[in-house]
Amino acid sequence: MKQLISLKVNGTTHEVAVEPYWTLLNVIRDHLGLTGTKRGCDSGDCGACTVIMNGKPVNSCLVLAVDARDRDILTIEGLAQDGKLHPLQEAFIEKGGIQCGYCTPGMIMMAKALLDENPRPTEAQVRQAIAGNLCRCTGYVKIVEAILAASEAMTPAKP
Amino acid sequence: MAKYSVIGHRLPRIDAVQKATGKVTFGVDVRLPAMLYGKLLRSPYPHARIVHIETSRAAAIPGVKAVITGQDIPENRVGYAVKDEYCLARDEVRCIGDPVAAVAAEDEEAAERAVEAIEVDYEELPAIFDAEEAAKPGVPLVHPDLSSYTTTSLMGRRFSPQPGTNICNRQQRRLGDVERGFRESDLVFEDTFRTQMVHHGYIEPHAAMAFVDPSGQITVWCNTQRPYGIRDYLATALGVPMSRIRVIGTKVGAGFGGKISPRVEPGCVLLSQKTGRPVKMVMTREEELTATAGRVPSVVKVKTGVRLDGTIMARKVDILFDTGAYAEGLPPSNRAINDAAGPYKVAHLEINSTLVYTNKMRGTPFRGLGVPQAAWAVEVQTDIIAERLGMDPLDFRLKNAVDEGDPDSTGAPLHSVGVKDCLRQTAQAIGWGQPKSGPYRGRGIAALHKSPTSVLSASGAIVKLNEDGTLTVLTGASDIGQGSDTLLCMIAAEVLGVRLEDVSIVSADTEVTPFDHGTFSSRLTLYAGNAVRHAATDARQQVLRLAAELLEAPVEDLETRDRRVFVREQPQIGMPLADVVLASIASRGRPIMGQGSAHGPGTGLVEGAVPGWKYGAHAAQVEVDPDTGQVTVLKFVATHDYGQAINPTMAEGQIEGGVGMGVSCALSEEVLFDGGRVVNPTFMDYRILTSADMPPIESHIVEVPLPEGPFGAKGGGEPSVIAVAPAIANAIYDAIGVRIADLPITPEKILQALDKKRRHGPKIRG
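Those protein sequence lines, which keep their order, are chains A and B. Numbering (the working numbering) for the first sequence: 1 to 159. Numbering (the working numbering) for the second sequence: 1001 to 1766.
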């Protein structure tokens, strides 16, 4: 039996009728048409579906849509502001942190959650933070470089 | 001043902004109005006869629009290289995961319920799972009709089945007289190695959408590495002309060889034909890990004869490849014939490659075709030999590594050989010869080569000039994440003297873009790159001819750069490229379009000759915990000869990604079978290394230009994975004195080897 819930995604509130077993990932992709968030495994192992919910990164394939009701959800589509890319997006582009691009949205959202909490992470902290996001193309080298570069750009080291 | 204005520059890939913002359409993202969701029912048995399929209960489920079985489709055998299967099994299933029925429904839940409601009566047949057993006489046959099989027109070139057996291909390469070579050797080494099945592990699952319109015109959107191959397959399966089929490649969430063959495309087309509506299928991760394909597992026997001075005299390599239920392992088994000897001078050579069927998930090309399997064996044995000779493993490799003019395995002379440069740079960067930094630590090195696609591989391209002097490239090549779209635009921009942002590209659409064999074998830089270079050069010639008239200057004095055409010695005499294009359209009625094509440089003439070899060297520094068997790679260095790195950032990305994949495959990954059943079909149990586990990876680029390549480029995506495992294994030996012959190198194998060594062998170094 479907329930009507309201979901706040990227600042816009949507009224959606959802089955109780639908995941947040389903609703974001198939009902709101925000296909930037990716499905890779549907079991929380790959991180491609990472979005930020009330400031915390979640695997949206493991969150029921009804449990996301009235929460503040940020997806990759909501990251650039007024046509200006987020520094993480800039850094991923500049450093070559994107190859096939399938893990990229989840990776960037996970990195944003990290930098929101820890603006100047060490390389080890970056590697730990994105350890739930699989990438098969890059060996993670340029992804880690990009996150550290974005951190530097957003919060320059004190002289 | 830089040699080129675009080539060799670290430019962001042209689709990076869209990818960083989630605004690209991958296969999984394609949606159409009124689309249905498709699902496949798969065999639970490794070998069985289909007695009866009852679909009435499934068809009655609300929302279900079509249920089809193998009896509903044309009886046309299809395949990637060998035509040995049907889109849907007809009478027999040969592995767990074989599709036996397909369903289309209004939503995924109804499709799933319908698949579960299909009743199939199977009669189990004897199955065989072990490749060495399967190669023997008198065992159950996976394909009793093998003698009637034929190859596909695009891929199946060398195919030599042994009817009445499970051996679907046997090839041999000989150079010199291998028996004489062994007789003239002082020492002869014989070792056996094994490689496991690993999965490509691309994060985007296979996805396709098909729509068959009322006139019968078929359109398929899919995340493929080879749109022309998909079209060929569908035309054969359905018995329709190619002009009725359009395959449009979407963005591809990586492939590595795993997205060469169709997996869901035929089902979508058949269901759309039946329903008249668009049908989409996306595979689950469990389907990916149980019903697609992985790297062809192998047993590799290497016999090498050497002189006491360290000269390799003779080498014989016998490889048994397990292709599983279908012969997608044909290209790897053929490729190994070229490459298995390693990048060494071997005057007397014999390579035997045997491909056998078993009732398991199939093997298929995977980054490097059959070369990583051979390199695992040859490069570990190389260290065994060096130790016995009392030679440094690096020196032994340098002594025997190929030079300019040496023959390759076909006897053709090599040129543009960068392997020694790669070895030296790699050795230096890993700290070769320096004291060990602690106990249980060691260094290992390995060399590699990889032949390019051999004869009969072609790429076409068109370059169109726009009225404002910008341009559009049309290529059949698909960018699967490696960045070919960017690279091809860079080549066109360099030739015509414009900027990268002036170039747009349409790729991988069989109705629009010229033929391309596909994205595999690291062939795009060389083949599609040359095709674009020739097309751009053709367009440029048209520009120059008209500009010569307009500027009243000889063609040969003209130059194109900075979006202008001008007289080389008097740059002020010139005009914008745009003006030439406009003049050509307005006053000559001749839009400027260049066309180009390329096949193997120098190939197509000599069967099997494969110029344009790629080279590299890998080295690892490891630490082994002798109590747990845990191997930690402290540092990995990889150097690759790119000829010319068209885009160094992307070239490094290929190296880092290949090494990362190689480390993961060496230490962690294995598709585990219980009989014919995959027992670890999730990313929880099929462990790909995460960012936290991945060692620091240092990439180096060597550039020994290939004259036949575009701007000297050789390309390379596969080579970076080839010698990772042996470099790590050799480092483990250096650390703790045990050799592992079977991949992956698990802690259990390390502990067993250490235990054996404690009981029998010399003291552990450390």
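Cβ atoms here follow ideal geometry from the backbone N, Cα and C, with glycine treated the same way. Note that the structure is predicted; figures quoted are calculated from it, not measured.
With a CB to CB cut of under 6 Å and the five nearest residues on each side skipped, what residues in its chain are close to residue i?
i                       : result
residue 1203 of chain B : 1253
residue 1207 of chain B : 1027, 1028, 1223, 1282
residue 1534 of chain B : 1596
residue 111 of chain A  : 88, 147
residue 1497 of chain B : 1560, 1561
residue 1758 of chain B : none
residue 1619 of chain B : 1426, 1430, 1445, 1637, 1727
residue 1059 of chain B : 1067
residue 1303 of chain B : 1190, 1316
residue 1310 of chain B : 1389, 1391, 1396, 1399
residue 72 of chain A   : 8, 54
So, is residue i buried or exposed, given that buried needs 16 or more other C-beta atoms within 10 angstroms?
i                       : result
residue 1763 of chain B : Low local confidence applies: a pLDDT of 47 at residue 1763 of chain B is under 50, so the model's placement there is unreliable, with the coordinate-based value given in what follows. Looking at its Cβ environment, which holds fewer than 16 other Cβ atoms inside 10 Å, residue 1763 of chain B is exposed.
residue 1603 of chain B : Reliability of the predicted coordinates at residue 1603 of chain B is poor, the pLDDT of 43 falling under 50, and the value obtained from them is presented with this limitation in mind. Residue 1603 of chain B is buried by the Cβ-count criterion.
residue 1756 of chain B : exposed
residue 37 of chain A   : buried
residue 1718 of chain B : buried
residue 124 of chain A  : exposed
residue 1065 of chain B : buried
residue 1258 of chain B : buried
residue 1760 of chain B : exposed
residue 1186 of chain B : exposed
residue 1672 of chain B : exposed
residue 165 of chain A  : What is shown of chain A runs 1 to 159, which leaves residue 165 of chain A out entirely.
residue 1733 of chain B : buried
residue 1147 of chain B : exposed
residue 975 of chain B  : In the structure as shown, chain B starts at 1001 and stops at 1766, and residue 975 of chain B therefore has no counterpart that could be examined.
residue 157 of chain A  : exposed
residue 59 of chain A   : buried
residue 1457 of chain B : buried
residue 1731 of chain B : buried
residue 4 of chain A    : exposed
Determine, using beta carbons only, whether residue i and residue j come nearer to each other than 8 Å.
i                       : j                       : result
residue 1175 of chain B : residue 1409 of chain B : yes
residue 1441 of chain B : residue 1729 of chain B : no
residue 1487 of chain B : residue 1647 of chain B : yes
residue 1267 of chain B : residue 1099 of chain B : yes
residue 1198 of chain B : residue 1166 of chain B : no
residue 1743 of chain B : residue 1725 of chain B : yes
residue 1783 of chain B : residue 1081 of chain B : Outside the displayed span of chain B (1001 to 1766) sits residue 1783 of chain B, for which this structure offers no information.
residue 1374 of chain B : residue 1300 of chain B : yes
residue 1362 of chain B : residue 1324 of chain B : yes
residue 65 of chain A   : residue 26 of chain A   : yes
residue 1006 of chain B : residue 1493 of chain B : yes
For the putative contact between residue i and residue j, defined by C-beta atoms under 8 Å, what is the C-beta separation to the nearest angstrom?
i                       : j                       : result
residue 1592 of chain B : residue 1542 of chain B : 5 Å
residue 151 of chain A  : residue 105 of chain A  : Not a contact, Cβ separation roughly 19 Å.
residue 137 of chain A  : residue 1481 of chain B : 5 Å
residue 1638 of chain B : residue 1699 of chain B : 6 Å
residue 1101 of chain B : residue 1118 of chain B : 5 Å
residue 1804 of chain B : residue 1370 of chain B : Given a span of 1001 to 1766 for chain B in the structure shown, any question on residue 1804 of chain B remains unanswerable.
residue 1139 of chain B : residue 1039 of chain B : That pair is no contact at about 34 Å.
residue 1367 of chain B : residue 1256 of chain B : 5 Å
residue 1327 of chain B : residue 1084 of chain B : 5 Å
residue 1352 of chain B : residue 1095 of chain B : Contact doesn't hold; Cβ gap of about 26 Å is too wide.
residue 1078 of chain B : residue 1237 of chain B : 5 Å
I'd like the list of long-range same chain contacts for residue i, defined as Cβ closer than 7 Å, with 5 residues on each side in sequence excluded.
i                       : result
residue 142 of chain A  : 95, 96, 97
residue 1528 of chain B : 1459, 1461, 1475, 1477, 1484, 1488, 1516
residue 1244 of chain B : 1216, 1217, 1218
residue 1676 of chain B : 1046, 1095, 1096, 1127, 1129, 1359, 1360
residue 170 of chain A  : Past the edges of chain A, shown from 1 to 159, lies residue 170 of chain A, and the structure says nothing about it.
Just to confirm my understanding: we take residue i, look at its own chain, exclude 5 residues before and 5 after, and list those with CB closer than 8 Å. What are they?
i                       : result
residue 1091 of chain B : 1049, 1050, 1070
residue 1588 of chain B : 1546
residue 134 of chain A  : 40, 45, 46, 47, 48, 103
residue 1650 of chain B : 1013, 1482, 1483, 1486, 1487
Which ranges would you report for the beta strand (DSSP E) in the segment 1263 to 1337 of chain B if only whole runs of at least 3 residues count? 1279 to 1282, 1293 to 1295, 1298 to 1306, 1312 to 1324
Residue ranges of each beta strand (DSSP E) run of no fewer than 3 residues wholly in the segment 64 to 121 of chain A, ordered along the chain? 72 to 74
Enumerated in chain order, which unbroken segments of the beta strand (DSSP E) with a length of 3 residues or greater are wholly contained in the segment 1134 to 1218 of chain B? With a minimum length of 3 residues, the continuous beta strand (DSSP E) runs that stay inside the segment 1134 to 1218 of chain B are 1167 to 1175, 1187 to 1195, 1207 to 1212.
What ranges does the alpha helix (DSSP H) occupy inside the segment 1680 to 1739 of chain B, keeping only unbroken runs of at least 4 residues that lie completely in it? 1719 to 1722, 1724 to 1736
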